[in-house]
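In this text, residue positions in the sequence shown follow our numbering: the first is 15, and each later residue adds one. In what follows, a structure is listed as structure tokens, so that the remarks can point back to it.
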Amino acid sequence: MGMNLAEKIIASHLVEGRMVPGEEIGIRIDQTLTQDATGTMAYLEFEALGIDRVRTKLSVSYVDHNTLQTGFENADDHRFLQSIAAKYGIIFSRPGNGICHQVHLERFAAPGTTLLGSDSHTPTAGGIGALAIGAGGLEVAVAMAGGPFYFTMPEVIRINLHGRLSPWVSAKDVILEVLRILTVKGGVGKIIEYGGEGVKTLSVPERATIANMGAELGATTSIFPSDEVTLAFLKAQGREKDWVELLPDPDARYSRIIDIDLSSLEPLVAKPHMPDNVAKVREVGPIKVDQVAIGSCTNSSYIDLMRVAAILKGKRVHPEVSLVISPGSRQVFYLLAQNGALADLIASGARILECACGPCIGMGQAPPSGGVSLRTFNRNFRGRSGTADALVYLASPETAAATALTGVLTDPRELGEPISIAFPERFPVDDGLILYPPASSEGVEIKRGPNIKPLPQAQPLPEVISAPVLLKVGDNITTDDISPAGAKYLPLRSNIPALAEHAFEGIDPTFARRAKEAGQGVIVGGQNYGQGSSREHAALCPMYLGIKAVIAKSFARIHRSNLINFGILPLTFVEEKDYDDIQPGDQLIIDLKDRLGGEVLTIRNATRGTSFKVRHNLSPRQKEIILAGGLLNYTKKKL
Ligand code: F3S
15 MGMNLAEKII ASHLVEGRMV PGEEIGIRID QTLTQDATGT MAYLEFEALG
65 IDRVRTKLSV SYVDHNTLQT GFENADDHRF LQSIAAKYGI IFSRPGNGIC
115 HQVHLERFAA PGTTLLGSDS HTPTAGGIGA LAIGAGGLEV AVAMAGGPFY
165 FTMPEVIRIN LHGRLSPWVS AKDVILEVLR ILTVKGGVGK IIEYGGEGVK
215 TLSVPERATI ANMGAELGAT TSIFPSDEVT LAFLKAQGRE KDWVELLPDP
265 DARYSRIIDI DLSSLEPLVA KPHMPDNVAK VREVGPIKVD QVAIGSCTNS
315 SYIDLMRVAA ILKGKRVHPE VSLVISPGSR QVFYLLAQNG ALADLIASGA
365 RILECACGPC IGMGQAPPSG GVSLRTFNRN FRGRSGTADA LVYLASPETA
415 AATALTGVLT DPRELGEPIS IAFPERFPVD DGLILYPPAS SEGVEIKRGP
465 NIKPLPQAQP LPEVISAPVL LKVGDNITTD DISPAGAKYL PLRSNIPALA
515 EHAFEGIDPT FARRAKEAGQ GVIVGGQNYG QGSSREHAAL CPMYLGIKAV
565 IAKSFARIHR SNLINFGILP LTFVEEKDYD DIQPGDQLII DLKDRLGGEV
615 LTIRNATRGT SFKVRHNLSP RQKEIILAGG LLNYTKKKL
């Protein structure tokens, strides 16, 4: 039987398990990437594994999230990351070089390889034909140490793209349409594989935009074939040696096939506060917009920003709109400066930010209170922008630029004559801000400032957990809700005792204090608990505060793994209605004397004198991890 793309890469990297959907498999990882917000912790974890040097083919440490330096903390983190990269054989991408996914696509990602990244948008590299998966920092640390990456073999959904996009409709509209069809839960436990003749009409950065927001579907990853378009992109980057052709077999099988006619799409927008709340721009109508933000790992490529520059050329940003633009990489920024497009952007009144995540992670550019922000980013969760009551819409760079000119949400087709931007045959390659590690780590000293705090250690679970429900939350709780993003919190990512003080702050500011007083506790959640960013701090902080179990209706994949990796039991209700009968403060008794031998556990609610059933769904390996007190303890025993 023929194989699809995902199966081909998995099969060539499989070290454990069978490629049967739902079964746990282990694959060899060729490349890893980290960004600074998750990287500080990932490298502390790598260090704790006691390995001399990374064992991957290539590992890159990027600095793109916490680039604001209003205090010593971020600067300390950058220095730590640079020194630890040199020590352990890791490539270091300096601040200013760009957003990890954009730079990785340009300079390192390769078709047919496996990439594991401590960032949920790592699947961006699926645009070039890599099997690229987002994971917690600890899993990336284990991969850097040469260990396999374990995950549940997903089903593979095929999306056939037909035809060609109409003028003013772009890759962002394609993925918004997919989000409309599948929703933020539709990709859970799935790989999304793109095919069909329409794929050939999309450049690699456009494919990457689509693969990037597969993360918003909850998908394990998304992948495109590697074809002559991929070869052209790699040639333009001076990397044609990295090209291999990668196509699915003609008789490949998929769990579901979805057909999308590109020519029928029109400009779309995701309305507050979820990326799947998608509508047609023309139907939403001309709502007043206060801020337009263009950039992020979704839409900051050369083609994206050239289109924006062409729209803004000779025009002025509306007086009531703040337009901010962050180029995705130094390469993109340099090209814009070289060909004059940057001058067009500046002349229009756009505010140019550095090549970094910036407003996407709440690092500056919070919208005004109650304001409307239109962004080319991938997430519009409530509060992520830094303004609790802001209304964030997600759209294409074309829609964003048109809106910046009019001051109201505008369908870019109203701009008239379409623009055409040629893809460069050769990009200016200058890896001057990429530091390669020395051949030997002898004499390399790791620089630790006071913001680099030791890694908190998870403890093995007790035989009986007797703990109160410290928090009961609803559906779609994000990792932002659990451990907030934004300029105030990001500098604390290497300092868990300080960061833990803010856990669940937006939902219940008393949570951290109550957790510390209780000594141990349980959290009860609804559907899709832990969606969003891959940050393991959303498991580490609760672990530090004594959380022993989270009982939810369902979990987001990466967060569930993070909970296991830090020794917190993720449990799902057998009967979802039991969720309604638990109240905050109830004392729950979870008996673990059989060391998770049975699939189903009975939990006693001592406060109400009732009991209910939950499942752990742990693989034998995951049981061992939980019982060992987390992945770090488990891996140390194995290496
Ligand atoms: Fe950065 Fe936002 Fe992407 S934080 S990695 S630009 S999702």
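The beta carbon of each residue, even a glycine, is placed where N, CA and C say it ideally should be.
Nearest-angstrom Cβ-Cβ length linking residue i and residue j, presumed shorter than 8 Å
i	j	result
F60	M158	5 Å
S383	D403	6 Å
I206	G177	Not quite, the Cβ-Cβ distance comes to about 19 Å (not below 8 Å), so this is no contact.
R267	M15	7 Å
N542	A570	6 Å
G581	M557	6 Å
G150	N576	4 Å
Cβ-heavy atom distance, residue i to the ligand F3S, below 7 Å
i	result
Q49	yes
H135	yes
S668	Residue coverage of the chain in this structure runs from 15 to 653, which leaves residue 668 outside it and unanswerable.
N392	yes
H79	yes
C371	yes
H332	no
I572	no
I113	yes
I339	no
C374	yes
Three-state class that DSSP yields for residue i in the structure shown
i	result
F525	helix
D494	helix
S336	strand
G560	coil
A139	helix
Q601	strand
V213	helix
I65	coil
E477	coil
Q96	helix
I3	For residue 3 there is no data in the structure shown, the boundaries of the chain being 15 and 653.
N174	strand
Y503	coil
F569	strand
V422	strand
Q545	strand
T197	coil
E431	coil
V202	strand
L260	strand
A233	strand
T52	helix
L554	helix
E590	helix
Cutoff 8 Å: residue i Cβ touching any chain B Cβ
i	result
N313	Checking the listed chains, one finds no chain B in this structure; it contains a single protein chain.
The ligand FMN heavy atom lying under 7 Å from the CB of residue i
i	result
I171	Absent from the structure shown: the ligand FMN. Ligands present: the ligand F3S.
First through last residue of the beta strand (DSSP E) which encompasses residue i
i	result
D445	Unbroken run through D445: none, as it is neither H nor E.
P584	583-587
R270	270-275
T244	Not the beta strand (DSSP E): T244 falls in the alpha helix (DSSP H), residues 242-250.
S107	105-107
R629	624-629
N619	614-619
V74	72-76
T46	45-49
E38	38-41
G535	535-539
L129	128-131
Opening and closing residue of the alpha helix (DSSP H) in which residue i lies
i	result
L358	Reading off the sequence, residue 358 comes out as Asp, not Leu. Its alpha helix (DSSP H) spans residues 355-362.
K652	645-652
Q116	114-121
E638	634-642
T223	218-226
G148	That residue, G148, is in no alpha helix (DSSP H); its beta strand (DSSP E) goes 145-148.
E153	151-158
P511	510-514
Residue ranges of each alpha helix (DSSP H) within the segment 364-420, 4 or longer: 411-420
Entirely enclosed alpha helix (DSSP H) segments - the segment 281-348, minimum 4 residues: 295-298, 316-326
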